[in-house]
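Counting along the sequence shown from 1, when you hit position 31 you're at 28 in my numbering, and nothing is skipped either side.
Quick reminder that beta carbons are idealized off the backbone N, C-alpha and C, glycines included.
Heads up: the structure comes next, in structure tokens.
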Amino acid sequence: MDASKPAKAVKDVVEAAAGKVADALTPDVPGAPGSAPPTVEEPTTPHDPLPPKKEQGAPETRTPTGAATGAPTTANGQQGAFLTTAQGARLRDTDHSLKAGPRGPVLLQDHHLREKITHFDHERIPERVVHARGAGAHGVFEAYGTAEGVTKAGFLAKGRTTNVFVRFSTVLGSRGSADTVRDTRGFATKFYTDEGTFDLVANNMPVFFIQDAIKFPDIIHAGKPHPDREIPQAQSAHDTFWDFVSLHTEAQHHTIWNMSDRGIPRSYRTMEGFGVHTFRLVNAAGETALAKFHWKPKLGVHSLTWEEAQLLGGVDPDFHRRDLYDAIEAGAFPEWELGLQVFPDTPEETFAGIDLLDPTKIVPEELAPVQPVGKLTLNRTPTNFFAETEQVAFHVGHLPPGIDVTNDPLLQGRLFSYVDTQLTRLGGPNFSQIPINRPHAPVNDMLRDGFHQQAVHAGVAPYRPNSLDGGNPFPAGDTDGAFVDVPVTVTEAPKVRANPVSFDDHYSQVRLFWLSMSPVEKEHIIRAYTFELGKCYHQAIRERQLRCLANIDPVLCAEVATGLGLPAPEPTVPLVDPAPSPALSQVGRQWPADGRTVGIVVDPTAGLDDVDEVRRAVFAAGMVPLLVAPHGGLVGGLPVQRTFATGRSVEFDVLLLAGAPAPAPDASPARDAKAGAAASAAVDPRVLLLVDECWRHAKAIGAWGAGVDVLRQAGVAGTPGVVTGGSGAEVLTAVQQLLAAHRVWERFPASVA
Ligand code: HDE
């Protein structure tokens, strides 16, 4: 191949690879690494780097000061066909150090060895002190124009589209921790607006553990692994967490959210997002309003069961990031509506008696409806995890004109923290020049020099006022679209370390949350508290948290106390009975099933007639079918994605049984512990385990033909959410209807009202 014509060389490789996609063994489900299937033999003909995968995006190519370059995003990637040094000198060999003879010693002059090892030695940067574990995606935000009356932010003007990058995260775990742990999730969005970047650094819960930023190190030290043994990782089920939240009762509201199903989302795609704090909006006429930001997922709010979350921690610790990437690759682009709760900007900063500056309080949607103002679509996965997801730097102070902060003391502390943390994490003050952080608006900031400076600033006068640079940069005038610091009156008051009295109510909204849950959600909350407190060593801590539960609800307290084998204490505050907020419950509605995973168990010896048709119908419905068979390779001409040894129920949202496969040769506990001790004579025991787990996790199960017999053997035939039919198509339709409600909770009637 002629390496002097790199474009042609790449085309040849890609075309050759595309031919192989048609190869029946190549899976057509998402997740394949690389943009072209590999060859068995090592490629040796030089050619340019392969293009990124079709679903991958990258930061727009902007200069460090925000100018569009017009260069393709691949211009930031590696170039040319040949291996080079970091300086671009071509290299013949990277496998052998330069030695004095084949037996050494290695020569100090080996600049390539030193460059390669030295760079490797410095590949790691500090992980985020919180939210270390995360996954990101690129997308676009399209405004409806419905916010124009309350804010002049240009990106919210009707029809305006803005590029975004979103990073989802857990809070407590390290970078390598499991995705499905019980925790709060981060939902941080960078809007690259032409008036400056706007970061909406949100969570999947609308309240926070603390009312004042000064306590952030305390709650995080309590939640992180114990400092002596560094266990447990990414968990709240341990003594220090419960020690803190039971002593520090303003944390009880956030804690009940964590103990609810919101703490174990099914997917990032099925999470709500909340800006938590109240912000102040300013419209074109200079009028102000107070507002809270909400993200509403198109797929509804949906969670894992606790056992699924635990199993996934081992079976697929990357479950949430895989789900996000796979959904985008499959074309099931995740979508959310951005919504606003808007309140009058009164001097009291309250609404319906709720203090809007208290980040441990919500305003129920029934009192202040969430008004949709635009739509977010995630449509590209990152090309490089480190460059994009790891280096992205959010900051609550990245605000465009039209959105300002309030005096919420938690928000005020965050305004300090986010820049400060990047200085260490990203190695200096120029992190906004990293490609993923570059603004898409012209930057003229008078900030100069520092580590890793990438701008080449011209002129001699980075100060104001100046005449030597012709006076540039100039302050923006009233009509130049400048950021507005709303001139809020600061009330005369003594300087104190104190909270407003309204912040002292730590329980009424926790009870509101509890009373708003459906019976099955209440069961889950009881189970979560019982599990977490059951994992604590010290009885005093359990007893103290039971006292807090007594102030929330007597049934909750009594049920958890029973599980812990302790008496239920009496409340120490009067229990109020607020009107429940049905919007807080996540059950009882119907949702689309885009990007969900359908496991199809097949028997290579029989019942394959419908399988191809069902598989195509699953794809057509925007979902992903995974064929589960006794062995890999092809079954009935179709590629197998999971064998009984590699597959596990927790990967599937529904299970279809197209056959009743007999025990495979490896169905012995010595080969696969999942086969258990007693193999069924008729059906492979791992298939029965799949059915059993899907049933326990309240998932829809469907069977036709010989598959119906598996239901009988598993003892689940005729139970709620288990459907049979004459054909695969008929069963799939019935199962899709069940999937719209997410789970078949009728299988487990709740014992609490
Ligand atoms: Fe954060 N938070 N936070 N936080 N936070 C960070 O910033 C902090 C809070 C949130 O994907 C850090 O760049 C303080 C509330 C998200 O990169 C740090 C306080 C909410 C992310 C920090 C809070 C959040 C962070 C760590 C109490 C929801 C991940 C690394 C006053 C509204 C962003 C970093 C990403 C990250 C400080 C409370 C959301 C240390 C001091 C409330 C989603 O700056």
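Asked: Completely contained alpha helix (DSSP H) runs for the stretch 74 to 120, where each covers 4 or more residues; Found: 108 to 118
Asked: Alpha helix (DSSP H) segment containing E518, residue limits; Found: 516 to 531
Asked: Contact set for D446: own chain, Cβ-Cβ below 8 Å, skip 5 residues either direction; Found: none
Asked: Buried or exposed by the 16-neighbour rule on C-beta atoms within 10 Å, applied to E743; Found: exposed
Asked: Simplified DSSP state of H449, which is helix, strand or coil; Found: coil
Asked: Which listed residue (V637, Q419, M256, K212) has its alpha carbon closest to that of S233; Found: M256
Asked: Assumed close pair G336, Q307 - CB separation to whole angstroms, cut-off 8 Å; Found: Contact doesn't hold; Cβ gap of about 33 Å is too wide.
Asked: The ligand HDE heavy atom lying under 6 Å from the CB of N200; Found: yes
Asked: In chain order, each alpha helix (DSSP H) run of at least 4 residues that lies wholly inside the stretch 686 to 721; Found: 704 to 711
Asked: Distance between S300 and I261 (C-alpha atoms, nearest Å); Found: 6 Å
Asked: N- and C-terminal bounds of the alpha helix (DSSP H) containing A199; Found: Looking at the DSSP string, A199 is not in any alpha helix (DSSP H); the run it does join, the beta strand (DSSP E), is 193 to 200.
Asked: Supposed close pair A175, P314 - CB separation, criterion 8 Å; Found: 4 Å
Asked: Under the three-state DSSP convention, the category F500 falls into; Found: helix
Asked: Contact between the stretch 95 to 108 and the stretch 461 to 470 (3+ Cβ pairs under 8 Å); Found: no
Asked: Whole beta strand (DSSP E) elements within the stretch 127 to 189, 3-residue minimum; Found: 131 to 140, 158 to 167
Asked: Run of the alpha helix (DSSP H) containing R544, from where it starts to where it stops; Found: 536 to 547
Asked: Closest Cα partner of L296 within the set D417, G704, K289, R263; Found: R263
Asked: Buried or exposed by the 16-neighbour rule on C-beta atoms within 10 Å, applied to Q451; Found: exposed
Asked: Selected residue, minimal CA-CA separation from T70, among V608, T81, K50, G85; Found: K50
Asked: beta-carbon T302 near the ligand HDE non-hydrogen atom, thresh 6 Å; Found: no
Asked: The ligand HDE heavy atom lying under 6 Å from the CB of H128; Found: yes
Asked: heavy atom of the ligand HDE below 6 Å from V163 C-beta; Found: no
Asked: H299 - DSSP class collapsed to helix/strand/coil; Found: coil
Asked: Boundaries (first-last residue) of the alpha helix (DSSP H) holding Q249; Found: 249 to 256
Asked: Reduced DSSP secondary structure (H/G/I, E/B, other) of V732; Found: helix
Asked: Close beta carbons around L110, own chain, < 6 Å, minus the five adjacent residues each side; Found: S94
Asked: C-alpha gap between T116 and V621, whole angstroms; Found: It is worth fixing the name first, because residue 116 is His in this sequence and not Thr. Each residue's alpha carbon lies about 40 Å from the other.
Asked: Neighbour-count burial assignment, K492, 16 or more Cβ in a 10 Å radius; Found: exposed
Asked: A558 - DSSP class collapsed to helix/strand/coil; Found: helix
Asked: Beta-carbon proximity check, A286 vs D352, cutoff 7 Å; Found: no
Asked: Whether A219 touches F241 by CB criterion (7 Å); Found: yes
Asked: CB of V298 within 7 Å of CB of E269, strictly; Found: yes
Asked: Collapsed DSSP secondary structure at G54 in the structure displayed; Found: strand
Asked: Residue range of the unbroken alpha helix (DSSP H) whose run includes W588; Found: Run containing W588: none; DSSP gives neither H nor E here.
Asked: Per DSSP, the bridge partner or partners of R59; Found: A65
Asked: D706 and A657 closer than 7 Å at C-beta; Found: yes
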